[in-house]
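Which chain is which? The protein sequence lines are A and B, in order.
Residue numbers for the first sequence follow my numbering, beginning at 9 and rising by one.
Residue numbers for the second sequence follow my numbering, beginning at 24 and rising by one.
Every residue, glycine too, gets a C-beta built ideally from N, C-alpha and C.
Worksheet: one structure, shown below.
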Amino acid sequence: MSHGPSAPASSHASGHGHDTPYEPVFTPGSARKKELDDIITRYPDKRAALLPALWMIQQERGWIPEAAMIEVGDQLGCTAAYVKGVVTFYTMYHQHPVGRHFIQVCTTSPCLCAGADKVVEAFLEHTGCKELGLTSADGKYTVIEVECLGACGFATPVQINEEYVENVTPEQVPAILAGLQ
Amino acid sequence: MGYPHKSHPRETPVLSKHFGEAEARTLDGWKKRGGYKALAQALATDPLAIQDVIKASGLRGRGGAGFPTGLKWSFMKIGDGKPHYLCCNADESEPGTFKDREIMRWTPHALIEGCAIAAHAIGAETAYIYIRGEFTEPIRVMEAALAEARAAGIIGKNAMGSGKTVDVWVHKGAGAYICGEETALMNSLEGKRGNPRIKPPFPAVSGLFGKPTTINNVETLAAVPHILNNGAEWYKAMCLASPKSTGSKLYSVCGNVAKPGNYEVVMGFSFKEFLYDLCGGPLPGRKFKALIPGGSSVPTITIEEAEQVKMDYEGFLEQGTMLGSGGVIIFDDAQSMPRQLARIARFYAHESCAQCTQCREGTAWMTKILERIVAGQGTFEDLDTIFDLSEQMTGKTICVLSDSCGAPVVSGITKFRGEFEALIKGRRSSTVAVGAP
Numbered sequence: 009m010s011h012g013p014s015a016p017a018s019s020h021a022s023g024h025g026h027d028t029p030y031e032p033v034f035t036p037g038s039a040r041k042k043e044l045d046d047i048i049t050r051y052p053d054k055r056a057a058l059l060p061a062l063w064m065i066q067q068e069r070g071w072i073p074e075a076a077m078i079e080v081g082d083q084l085g086c087t088a089a090y091v092k093g094v095v096t097f098y099t100m101y102h103q104h105p106v107g108r109h110f111i112q113v114c115t116t117s118p119c120l121c122a123g124a125d126k127v128v129e130a131f132l133e134h135t136g137c138k139e140l141g142l143t144s145a146d147g148k149y150t151v152i153e154v155e156c157l158g159a160c161g162f163a164t165p166v167q168i169n170e171e172y173v174e175n176v177t178p179e180q181v182p183a184i185l186a187g188l189q
Numbered sequence: 024m025g026y027p028h029k030s031h032p033r034e035t036p037v038l039s040k041h042f043g044e045a046e047a048r049t050l051d052g053w054k055k056r057g058g059y060k061a062l063a064q065a066l067a068t069d070p071l072a073i074q075d076v077i078k079a080s081g082l083r084g085r086g087g088a089g090f091p092t093g094l095k096w097s098f099m100k101i102g103d104g105k106p107h108y109l110c111c112n113a114d115e116s117e118p119g120t121f122k123d124r125e126i127m128r129w130t131p132h133a134l135i136e137g138c139a140i141a142a143h144a145i146g147a148e149t150a151y152i153y154i155r156g157e158f159t160e161p162i163r164v165m166e167a168a169l170a171e172a173r174a175a176g177i178i179g180k181n182a183m184g185s186g187k188t189v190d191v192w193v194h195k196g197a198g199a200y201i202c203g204e205e206t207a208l209m210n211s212l213e214g215k216r217g218n219p220r221i222k223p224p225f226p227a228v229s230g231l232f233g234k235p236t237t238i239n240n241v242e243t244l245a246a247v248p249h250i251l252n253n254g255a256e257w258y259k260a261m262c263l264a265s266p267k268s269t270g271s272k273l274y275s276v277c278g279n280v281a282k283p284g285n286y287e288v289v290m291g292f293s294f295k296e297f298l299y300d301l302c303g304g305p306l307p308g309r310k311f312k313a314l315i316p317g318g319s320s321v322p323t324i325t326i327e328e329a330e331q332v333k334m335d336y337e338g339f340l341e342q343g344t345m346l347g348s349g350g351v352i353i354f355d356d357a358q359s360m361p362r363q364l365a366r367i368a369r370f371y372a373h374e375s376c377a378q379c380t381q382c383r384e385g386t387a388w389m390t391k392i393l394e395r396i397v398a399g400q401g402t403f404e405d406l407d408t409i410f411d412l413s414e415q416m417t418g419k420t421i422c423v424l425s426d427s428c429g430a431p432v433v434s435g436i437t438k439f440r441g442e443f444e445a446l447i448k449g450r451r452s453s454t455v456a457v458g459a460p
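Below is the structure:
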């Protein structure tokens, strides 16, 4: 439930920017195509594989370009407009490229008790992102606030790409960033 | 509970007994702990007989609503010739709640076993575990456990050699609190925007893919194997107060407290003892001030009210709040209630699916007013407006997200009006201790 990036980041973040030609993910015979076809068999309606298909796109391309919405729509028998409607509903799908390290700091009530707002400030300062949702000039980081990561007893939790870091304090932020490749 | 703290002697660890034991995550480890006996027995038992055991146990939904689980299952007409579905709601996103995450991280097979038993009991061959997208680790653990169970023939076609098909799949969400609402969850699973549906029709009539469906919370399903193994009477006996609330319950405790974490106690346990003994009381030099005991959607209570509570569905209601999900958020005397409640309102404004006007506009408006008050720009009329607004937002929308925004706020203003008035009068609240953020 992230507050998604508010502005497009520059294209160097993931190597797949708005201007990069789109390479399809579900090409015939590819591992992803096989994976998608396998997932489709779990449901009576192949459209149920839409969220999984979008996850695969994001894993491969770093975000969900409009061309991918056409590709996914073709795979699952729906229009690109329909796919866009779904993409825009869910906050975890990136509609713009983001930094290599996508940092989500939980600031919901229990984390606010623990001083999550100060953790956000520390990440903004040490990544050089300056503003929430913007990507740092080197394309390494994007920092956003997130609505409840569901780890309230380990405040403040921070999600960096796929991983949770728990009990984060502002003082730990430089070391956490230094540990990222 | 065993993770991250050692289990307290006054806890009753049933679901949390193996939290923190890496071996319990594996199939062999789970079998060593008595796993999959209940499923083997269940698959050889008539579905209606399983429903009867669950009914007799008194198990009620642990996701927040507290609906009797056996009764819910009995709404599914066995043998109606239609495919039936089970959805496990693992979209745990209610601020203050992090119990299902631990169940999935440490005892994935307990959930798989519960899902498979429930699926059989409602005449379903397929169960989907809908896990919120942020829960990457629980998803990995669940996927690994499912792969093991599938390879061992425990789930799938001819599950445990029973001749019956019970398939269980993980479905990953993508960031939307509202998908924890059962009809929104079904829409999301179908590959749609997660907008809640108008009820009726209820899911048992027309649910996932338009077919009869039951949706149960993770904690509810994880309790099922234990009930079958130990019997309904054993479960029913875990009751210290109201006979309508039975069994053990996991509580997630967070906010300003010495030992945040998950705790499992029997229904009817003293909230006072729970807060001061099990959870270690307030932080050094602080005092508890207020609590939201059932996830952020339930009314705020004062510590004085909390100390009277017997922890069960009825006990929390008696003090004007709800057991909800069991996510206990604690605020101490250093916290500003206006600031905290404004943050909670902002959560709901962000998570509104925006279908219903009352919710889309109301949650945003309430947030604006509260943030204005916190910024020292509020008026006394603002407080009246919030009460009026909350009334317009309650009971008038497709789902209860709208109601959930008003519940903690209105009760919070009623009980801590002084703090709001102090901000409106342009000075810091006298009830907030020195050193407050």
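* Separation of residue 139(B) from residue 66(B), as counted between CA atoms -> 9 Å
* Starting from residue 192(B), trace the beta strand (DSSP E) both ways and give me its first and last residue. => 190-195
* To do: Can you grab the Cα-Cα spacing for the pair residue 43(B) / residue 288(B), in whole Å?
  => 18 Å
* **Straight-line gap, residue 173(A) to residue 347(B) (C-alpha atoms, nearest Å)** => 27 Å
* Looking at C-alpha atoms only, which residue of 404(B), 204(B) and 131(B) is the closest neighbour of residue 171(B)? -> Residue 131(B) holds the alpha-carbon nearest to the alpha-carbon of residue 171(B) among 404(B), 204(B) and 131(B).
* To do: Measure the beta-carbon distance from residue 71(A) to residue 105(A) and round it to whole angstroms, keeping in mind my assumption that it falls under 8 Å.
  => So it is a contact: roughly 5 Å between Cβ atoms.
* With which residues is residue 358(B) paired in a DSSP beta bridge? -> DSSP, once it has assigned bridges, lists no residue as partnering residue 358(B).
* Asked: With a Cβ-Cβ cutoff of 8 Å, do residue 44(A) and residue 214(B) count as a contact?
  -> no
* To do: Over the uninterrupted alpha helix (DSSP H) stretch that includes residue 417(B), give me the two end residues.
  => Bounds of any alpha helix (DSSP H) do not take in residue 417(B), whose DSSP letter is neither H nor E.
* Asked: Of the choices 135(B), 103(B) and 40(B), whose alpha-carbon is the least far from that of residue 112(B)?
  -> Closest option to residue 112(B), Cα to Cα, is 135(B).
* Cα-Cα separation between residue 80(B) and residue 261(B), rounded to whole angstroms -> 10 Å
* With which residues is residue 239(B) paired in a DSSP beta bridge? -> 111(B)
* Closer than 8 Å to chain B by CB, residue 74(A) -> no
* **Whole-angstrom distance between residue 420(B) and residue 373(B), CA atom to CA atom** => 17 Å
* Any idea what DSSP makes of residue 289(B), helix, strand or coil? -> strand
* To do: Would you mind listing the alpha helix (DSSP H) stretches within the region 52-121 of chain A that are 4+ residues and don't spill past its ends, in chain order?
  => 58-69, 74-84, 88-97 and 117-121
* Asked: Does the beta carbon of residue 446(B) come closer than 8 Å to any beta carbon on chain C?
  -> In the displayed structure, chain C is absent; the protein chains listed are A and B.
* Reference residue 57(B); option with closest CA among 41(B), 275(B), 68(B) and 284(B) -> 41(B)
* For the region 53-78 of chain A, which residues have a beta carbon sitting closer than 8 Å to at least one beta carbon of chain B? -> For the region 53-78 of chain A, the set of positions with a beta-carbon nearer than 8 Å to some beta-carbon of chain B reads 53, 55, 56, 57, 58, 59, 60, 62 and 63 in chain order.
* Could you pull out every residue in the same chain whose Cβ sits closer than 6 Å to the Cβ of residue 271(B), ignoring the five residues on either side in sequence? => 35, 37, 261, 287 and 289
* What are the partner residues of residue 351(B), as DSSP defines its beta bridges? -> 276(B)
* Nearest-angstrom beta carbon gap, residue 366(B) and residue 49(A) [assumed within contact, 8 Å] -> Here residue 49(A) is actually not in contact with residue 366(B); their C-beta atoms are around 43 Å apart, not less than 8 Å.
* Straight-line Cα distance separating residue 99(A) from residue 55(A) -> 20 Å
* Reduced DSSP secondary structure (H/G/I, E/B, other) of residue 458(B) -> Low confidence applies here, because residue 458(B) scores a pLDDT of 47, under 50, leaving its location unreliable; read the following figure in that light. Three-state result, residue 458(B): coil.
* To do: Grab the span of the alpha helix (DSSP H) containing residue 130(B) for me, first residue to last.
  => Segment: none, residue 130(B) is in no alpha helix (DSSP H) and carries neither H nor E.
* How should residue 305(B) be labelled, buried or exposed, when 16 other C-beta atoms within 10 angstroms of its C-beta is the threshold for buried? -> Result: buried.
* Segment contact, 8 Å Cβ cut-off, at least three pairs: the region 338-354 of chain B with the region 309-320 of chain B -> A contact exists between the region 338-354 of chain B and the region 309-320 of chain B.
* Using the Cα positions of residue 108(A) and residue 51(B), report the straight-line distance between them to the nearest angstrom. => 38 Å
* Asked: Would you call the region 150-157 of chain B and the region 192-202 of chain B in contact, with 3 or more CB pairs under 8 Å?
  -> yes
* Asked: Which term fits residue 403(B), buried or exposed, when burial requires 16 or more other beta carbons within 10 angstroms of its beta carbon?
  -> exposed
* Is the Cβ-Cβ distance between residue 376(B) and residue 201(B) less than 8 Å? -> yes
* **CB contact flag (residue 127(A), residue 164(A), <8 Å)** => yes
* Where do the ends of the alpha helix (DSSP H) carrying residue 60(B) lie? -> 60-66
* Express the C-alpha separation of residue 243(B) and residue 322(B) in angstroms, rounding to a whole number. => 23 Å
* Near-chain B residues of the region 97-124 of chain A - C-beta to any C-beta below 7 Å -> Per Cβ criterion, the list reads 97, 98, 99, 100, 101, 116, 117, 118, 120, 121 and 123.
* **6 Å Cβ shell around residue 460(B) - same chain, five flanking residues per side excluded** => Caution applies to residue 460(B), whose pLDDT of 44 falls short of 50 and renders its modelled position unreliable; the model cannot decide the point.
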